[in-house]
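Student:
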Amino acid sequence: MPSYYRDRSAPVPNRPRLVGVVALIEHDGCVLVDRRSDDGAWAFVGGRVEEDESVLGALHRFFARDDLAALDLWPAATPIRDAYLAFDGTPLIT
């Protein structure tokens with residue numbers, strides 16, 4: 021099977037990519053968590069990145085959804101990119 025890793029001429033995938041993003045926000049030893057509206061569990065701010073948006077755009081959307089836009093965290097934000105591997109060791113996303 022050919023490798024299309026970072027190949028812009030690769031064919032379009034036949035299934036959607038499932039990419040998620042989470043914001044881990046720490047201040048004075050405390051971590052910001054949010055109570056989920058669907059099941060009441062505690063979670064970090066984040067969720068699924070839509071196919072047509074960037075990771076940063078998704079974070080902006082989640083902050084607006086959770087009424088956290090007034091926190092003005094963007095100047096201090098440090099994006100961390102990570103690579104996830106398939107079971108065979110090949111990179112899925114970076």
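Quick note, this note's numbering runs 20 ahead of the 1-based positions in the sequence shown.
Just so it is clear, CB atoms sit at the ideal spot from N, CA and C, and this is done for glycine as well.
All values reported here derive from a predicted model rather than from experimental measurement.
#1: For ALA78, count the other beta carbons within 10 Å of its own beta carbon; 16 or more makes it buried, fewer makes it exposed. Which is it?
#2: Do GLY40 and ARG81 have their C-beta atoms within less than 7 angstroms of each other?
#3: Would you list the residues sitting across from ASP59 in a DSSP beta bridge?
#4: Use the C-beta contact count for THR114: other C-beta atoms within 10 angstroms, 16 or more gives buried, fewer gives exposed.
#5: Can you tell me whether ALA53 is buried or exposed? The criterion is at least 16 other CB atoms within 10 Å of its CB, across all chains shown.
#6: Contact defined as beta carbons within less than 8 angstroms: I believe GLY60 pairs with ALA43. What is the distance between those atoms, to the nearest angstrom?
#7: Return helix, strand or coil for VAL75, following the three-state DSSP convention.
#8: Measure the C-alpha to C-alpha separation of TYR24 and PRO33 and round it to an integer number of angstroms.
Tutor: Let me lay it out:
#1: Translated into positions along the sequence shown, residue 78 becomes position 58. Looking at its Cβ environment, which holds 16 or more other Cβ atoms inside 10 Å, ALA78 is buried.
#2: Translated into positions along the sequence shown, residue 40 becomes position 20. Translated into positions along the sequence shown, residue 81 becomes position 61. It is not a contact, given that the beta carbons lie outside the stated cut-off.
#3: Counting from one through the sequence shown, the residue named residue 59 turns up at place 39. Answer by DSSP bridge pairing: none, since ASP59 is not bridged.
#4: As a first step, residue 114 must be located in the sequence shown, where it is residue number 94. Reliability fails at THR114, whose pLDDT of 48 lies under 50, so the model's placement of it is uncertain and the value that follows must be treated cautiously. Flag for THR114 reads exposed.
#5: Counted from its first residue, the sequence shown places residue 53 at position 33. Correcting the residue identity first, residue 53 is Val in this sequence and not Ala. By the neighbour-count rule (16 or more Cβ atoms within 10 Å), VAL53 is not buried but exposed.
#6: Start at 1 with the first residue of the sequence shown, and residue 60 comes out as number 40. Start at 1 with the first residue of the sequence shown, and residue 43 comes out as number 23. About 20 angstroms separates the two Cβ atoms, so there is no contact after all.
#7: Counting from one through the sequence shown, the residue named residue 75 turns up at place 55. Of the three classes helix, strand and coil, the one that applies to VAL75 here is helix, per DSSP.
#8: As a working mapping, residue 24 is identified with position 4 in the sequence shown. As a working mapping, residue 33 is identified with position 13 in the sequence shown. Straight-line Cα distance between these residues: approximately 11 angstroms.
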